[in-house]
Amino acid sequence: MVMYIFNNNIKKYSELPSVAPVIKKLPTKALEYANLPFFKDWIVGFACSEGSFLMKKNNDGCFQIKQRLHLLLFEAFKLVFNTTRKITVHKESYAQFGVSSISDIQNVINFFSFSGYHPLIGLKNIQYSGWLNKLRNSERYKNLKFPV
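Start counting the sequence shown at 1; every next residue gets the next number (the UniProt record's numbering).
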């Protein structure tokens, strides 16, 4: 339905058909997910509900997304965030994408602060801002490029 809405420039609910046409099958490769025109904005929304910006006890900054198992989707996250980190599978039903290296954290900051995608909103934006402040004050991450 999303692709139908995009392809037909639908702006109002009343313009939607009563039966949703099937335009494409679901992607079968991680790169196909990553290349969907709305995927990166979708990641922002997904991160608002399922993402975590945190500092570990050892002061490593970390960005994580955890959700029911969908390996292709999580492999697409790796492509978007340009990382080789392995996806962790918990109890064969949940997948977790997590990064903490200096270069990976810079990629996360670039994505959420400098990419021009839909911004984080609400509580997640507050959490992200607090996380950025902790990173700025961290010896390990202080030389990263941060938003002003």
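Glycine residues also receive a C-beta, built at the ideal position from the N, C-alpha and C atoms.
Can you grab the Cα-Cα spacing for the pair residue i / residue j, in whole Å?
i           : j       : result
residue 164 : Ala-95  : The chain is shown from 1 up to 148; residue 164 falls before or after that span and cannot be answered.
Pro-119     : Asn-107 : 15 Å
Ile-105     : Lys-145 : 10 Å
Arg-140     : Asp-60  : 8 Å
Lys-56      : Arg-68  : 23 Å
Leu-16      : Ile-10  : 7 Å
Leu-72      : Asn-137 : 35 Å
Asn-7       : Val-19  : 16 Å
Tyr-4       : Val-22  : 8 Å
residue 149 : Glu-92  : Residue 149 falls outside the range modelled here, since the chain spans only 1 to 148, and no answer is possible.
Tyr-33      : Phe-39  : 7 Å
Asn-110     : Ile-126 : 17 Å
Between which two residues does the alpha helix (DSSP H) carrying residue i extend?
i       : result
Phe-146 : Segment: none, Phe-146 is in no alpha helix (DSSP H) and carries neither H nor E.
Ile-126 : 122-136
Val-19  : Premise fails: Val-19 is in no alpha helix (DSSP H) and is neither H nor E.
Tyr-13  : That residue, Tyr-13, is in no alpha helix (DSSP H); it is neither H nor E in DSSP.
Asn-107 : 102-109
Met-3   : 2-7
For residue i, verify whether its CB is less than 7 Å away from any heavy atom of the ligand SAH.
i       : result
Phe-146 : The ligand SAH is not part of the structure shown, which contains no ligands of any sort.
Buried or exposed for residue i, please, with buried defined as at least 16 other CB atoms from any protein chain shown within 10 angstroms of its CB.
i       : result
Leu-31  : exposed
Ile-65  : buried
Gly-130 : exposed
Gly-51  : buried
Val-2   : exposed
Tyr-13  : exposed
Leu-26  : exposed
Phe-77  : buried
Fill in: Length at least 4, wholly inside the stretch 31-96: the alpha helix (DSSP H) runs in chain order
39-50, 71-80
Worksheet item: With a cut-off of 8 Å, do at least 3 Cβ pairs link the stretch 109-129 to the stretch 44-59?
Response: yes
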